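Chains as they are written, first to last, in the working numbering: chain A, 1 to 512; chain B, 1 to 512.
Even for Gly, the Cβ is constructed at its ideal location relative to N, Cα and C.
Computed from a prediction, not measured in an experiment: that's the story for all the values here.
Structure record follows, encoded as structure tokens.
Protein chains: 2
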Amino acid sequence: MAKEKKAPRPKAQTPKGFRDYFGAEVTERTEMLGKIAGVYHRYGFDALESAAVETVEALGKFLPDVDRPNEGVFAWQEDDEGGKGDWLALRYDLTAPLARVYAQHRNDLSLPYRRYAMGPVWRNEKPGPGRFRQFYQCDADTVGSGSVAADAEICAMLADTLEVVGIPRGDYIVRVNNRKVLNGVLESIGLDPNAEFGTGDRRETIDASLFAATRDAVLRTIDKFDKVGEAGVRELLGKGRLDASGAYIDGVGLSDAQAEPVIAFLTSKGETAAETIGNLKAAVGDSAIGTEGVAELEQIADLLAAGGYGPDRIVIDPSVVRGLGYYTGPVFEAELTFEILDEKGRKRQFGSVAGGGRYDDLVKRFTGQPVPATGVSIGVDRLLAALREKGRIGSQSMGPVVVTVMDRDRMGDYQAMVADLRNAGIRAEVYLGNPKNFGNQLKYADKRQSPVAVIEGGDEKANGVVQIKDLILGAKIAESASLEEWQDRPNQFEVPRDQLVTKVREILESYS
Amino acid sequence: MAKEKKAPRPKAQTPKGFRDYFGAEVTERTEMLGKIAGVYHRYGFDALESAAVETVEALGKFLPDVDRPNEGVFAWQEDDEGGKGDWLALRYDLTAPLARVYAQHRNDLSLPYRRYAMGPVWRNEKPGPGRFRQFYQCDADTVGSGSVAADAEICAMLADTLEVVGIPRGDYIVRVNNRKVLNGVLESIGLDPNAEFGTGDRRETIDASLFAATRDAVLRTIDKFDKVGEAGVRELLGKGRLDASGAYIDGVGLSDAQAEPVIAFLTSKGETAAETIGNLKAAVGDSAIGTEGVAELEQIADLLAAGGYGPDRIVIDPSVVRGLGYYTGPVFEAELTFEILDEKGRKRQFGSVAGGGRYDDLVKRFTGQPVPATGVSIGVDRLLAALREKGRIGSQSMGPVVVTVMDRDRMGDYQAMVADLRNAGIRAEVYLGNPKNFGNQLKYADKRQSPVAVIEGGDEKANGVVQIKDLILGAKIAESASLEEWQDRPNQFEVPRDQLVTKVREILESYS
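So, in structure tokens, the structure goes:
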């Protein structure tokens, strides 16, 4: 046969921004998602799994990064003779598919529709350290209910979820704010977000876009409250400020009288919910939308109190500004309040692990009818990191018991041992590499983090016994300066073959 | 503001060949995969989750559909100024990513590497009824061990897995064959698959390609054994045959003497493993590779017997031909043996739910070194369908308890009820739609398959009681011709508010 030209070897590399997850990284996530699903299910939410692939048309332009509405997704065109195939794309979140699902199946769904979804989403973005282009989301949403009871329920569910996965009460807080209150504040300073303008008059058009630009600038400034604080926001709403680098940042240009209610809104959190509500009432003045927003927060607080969710778990907190520009009503955020050390060794709070709120126009683009919806998204990777910080997961991952191979012709004997162990529910494996070098087998067991190795040579076989090597104890002895403390407990001993399972189980139980 | 041109509404449609999964469809699959992962873990296999996206280069041409090696995947090019970005694609199976992972991380892995993976894969193929372009696979493979103990272990694990997910012993069989035995048969009739030819001599080149074409034709014919049976294969190996439609199918053109050992191989299954092995020894004659293959099957049978896996669970069966062209050593297939009715109402065996075998060249393309590997893939959707057939899943899916809303101003009271139920571990929800029409609330509960509705109007509230409506009993009464059999058990009754949880639990337990 004629020799074919040799193709160069392919690179064994994940694409940029993607990674592999091994062992406990996978099972810990699966376990956490299972616990979350359990809570969501108990709250009456139904599972939904849509495909990873949607038409670009259905995904629309809902990507949070509004500056690049068409970018950010992995997309391709369907094969088609005339090049007219649909454009398809990987979903970038779980909300856009929910809107499509609701619009497509709404006649078959029980409405209001409570659904949860968990799975990977994809972003076509420049990867960075710790920033991947595929990651998990875990969402719960109620579509088709305008009742604030739906929002309150999601906050309660979020608190329950955090406790069920292992964040104790006191280590987290769910904060609730309301976009409508902010709208009331904006209205009260002459920046009514729902102001209607006539059309056709050129001057009005200019006014309208100036107006919108100012309002958007106020929203962007509020978003910086976390970073620059009250004084910083006050400067940015007014004339501007010098930032940390010495650069001068232009302000929005509001008067002091206009800026004041915005600041009052952001700093209105009192000692009690009643005090906060009182402050907010003052901040929105006689704005109808603002008053409605404050009343919603009051109802949410009452509903949560009725369900037994006190301010130790869920609080009304108008300083929560993340997502205020995106949501249309109540907004919530779950923060973990325990301290960790950051990369520079400084103490800081762990911070946000989940957020959500009410959004009303998601389905409208498909059906023309507005459909109220509210939901929450848990940051799966951050919550896993938090559980690791708290030592709730990953503290120890024990490998399988390794049955070593002393005599390759007696593989059947080793197979029988491993079958006995497995049938007793013990994680076990027989060494499947080249058995010639016994040291390699013990190195393998070590790398596998095996708690126990089982050894049966010809002599043991003849005597009906096996050797059991306690590898955890062995490692402790190796680390210890003095052998004395271990001398009453040998790390290798002989047992009759028929006691193999019992003795291995005893060792495993002593370490669990 | 100038009116923008209205964009047409997007279609709310899954792309062709994709679908949504709702409620129990999702949770039943998750639960089954969790059980399978439990068995795999007990066998010492570690979880691996690679990304959905790989470089086309890394995926290579391993798609089983060898006639269209570059088609079949969803692929796109990375953005890049010069149009020179990498081509990326969605994985089409879990084996190609495993090869990439092994080659990339082999220095950090414990070798031999036992890994399992479960998740969706994507095929860019024409969708058909019941044929989707995204579906789940669930694989376990051992990479880096040439020992047949690795193959035997996978067969045992497959048997255990089927029992753990709910297929009772007797309702399945794992069949084992070996490509090497077939190679021996081919060698014995002058079609040695490993024959070496010189290069440069034109006549030899022609001989070699004729030879390869004949061998491939024999392999393709063997693949039809399931469909056309012994007589059909005999005709197709020889002169050809008339197929069911009356068309004449050309044969491979082997002589009777050449065809005979192939037929002997396919029909060599005896009453016992020993008898089968004896028949196979005769079929391969003095071929070295064939003798090696038979010895491997013998060892597998011995290892399985040592582990307690008898022929009621795993058998040597040379009539298993699926994948023989792809694998290089032992080949296995799990079949469910109970009968179902096909779409035409005829009885037939449920058939294959898993398959696998040994393949040796998967990693070589990355590293240049051959790495032995063996593994199995479970057809997740077929296994779920089988469990549904057996009534193991999906027999009943009970919805949540629905707390109805009689008085929208007392949402706090209803919220408290639902919190009590949820805190007691009972799946429950408060009705979140417009409460005005009470009939709609009961229709909702019905559509949700709720077992119980809870009702508290003003009178009940005043008296400290709630109404409990047993909806399952109600449905039974509505279906029943006579009310008498139900008259001792009312389907709606009043209980003190503080007995709500107890009474609801009683009803739920009576139906579980």
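Minimum Cβ-Cβ distance from residue i to chain A less than 8 Å
i	result
B/D261	Strictly speaking, residue 261 of chain B in this sequence is Pro, with Asp absent from that position. For B/P261, the answer is no, since every Cβ of chain A falls outside 8 Å of its Cβ.
B/R114	yes
B/K11	yes
B/T214	no
B/S377	no
B/K447	yes
B/A274	no
B/S50	yes
B/P451	no
B/L432	yes
B/D80	no
B/P69	Legend: pLDDT at B/P69 = 42, less than 50; position of this residue unreliable, no value from coordinates given.
C-beta neighbour in chain B for residue i, strict 8 Å
i	result
A/A150	yes
A/E335	no
A/V164	no
A/G394	no
A/R91	no
A/D409	no
A/R422	yes
A/L186	no
A/Y40	no
A/R365	yes
A/Q134	yes
A/V66	In this prediction, A/V66 scores a pLDDT of 45, lower than 50, which makes its location untrustworthy; no coordinate-derived value is stated.
Per DSSP, the bridge partner or partners of residue i
i	result
A/N177	A/V331
B/A306	Its beta-bridge partners do not exist; DSSP assigns none.
B/Y172	B/L336
B/S88	Checking the displayed sequence, the identity of residue 88 of chain B turns out to be Leu instead of Ser. Bridge partners of B/L88: B/T55 and B/W76.
B/I455	B/Q467
B/D139	B/A117 and B/S377
B/V495	B/V466
A/S352	A/E335
A/Q441	The partner list for A/Q441 (beta bridge, DSSP) is empty, contrary to what the question assumes.
B/L242	B/Y248
Sequence-distant residues of its chain with Cβ nearer than 7 Å to residue i (five each side left out)
i	result
A/D317	R175, V176, N177 and K269
B/A24	G394 and S397
Proximity to residue i [Cα-Cα], best of the options
i	options	result
A/G130	A/N437, A/F438, A/R497 and A/D381	A/D381
A/L186	A/V228, A/P8, A/A475 and A/I263	A/I263
B/G253	B/A213, B/N279, B/V294 and B/D223	B/A213
A/A156	A/G290, A/A306, A/I468 and A/R322	A/A306
A/N183	A/P330, A/A273 and A/A301	A/P330
B/Y92	B/V73, B/P490 and B/Y102	B/V73
A/A37	A/R388, A/M398, A/V430 and A/I378	A/I378
B/I426	A/G290, A/N434 and A/H41	A/H41
B/M417	B/G170, B/R115, B/I507 and B/P496	B/P496
A/S145	A/D80, A/R114, A/E125 and A/L266	A/R114
B/I314	B/K503, B/D250, B/G285 and B/I154	B/I154
B/R365	B/G34, B/V39 and B/R100	B/R100
A/G251	A/K239, A/N124 and A/R169	A/K239
Beta-carbon proximity list for residue i, same chain, < 8 Å, skipping 5 on both sides
i	result
B/L88	V53, E54, T55, V56, A75, W76, Q77 and E78
B/F505	Note that residue 505 of chain B is Arg in the sequence shown, not Phe. Hits under 8 Å: A424 and I426.
Residues near residue i in its chain [Cβ-Cβ closer than 6 Å; skip 5 each side]
i	result
A/K11	none
A/V121	R91, Y92, D93 and Q137
A/P127	K16, G17 and R133
B/I340	F350 and E389
B/Y102	V143 and V363
Task: the stretch 128-137 of chain B touching the stretch 18-36 of chain B, judged by at least three CB pairs closer than 8 Å - done: yes
Open item on the list: Does the stretch 22-37 of chain B come into contact with the stretch 40-48 of chain A, if we say contact requires no fewer than three beta-carbon pairs (one atom in each stretch) closer than 8 Å?
Closed with: yes
Open item on the list: Quick check: the stretch 420-435 of chain A against the stretch 358-375 of chain A, are at least 3 beta-carbon pairs closer than 8 Å?
Closed with: no
Open item on the list: Does the stretch 440-456 of chain B come into contact with the stretch 397-405 of chain B, if we say contact requires no fewer than three beta-carbon pairs (one atom in each stretch) closer than 8 Å?
Closed with: yes
Open item on the list: Using 8 Å as the cut-off, can you tell me whether the stretch 346-355 of chain A makes contact with the stretch 242-249 of chain A, which would need three or more C-beta pairs spanning the two stretches below that distance?
Closed with: no
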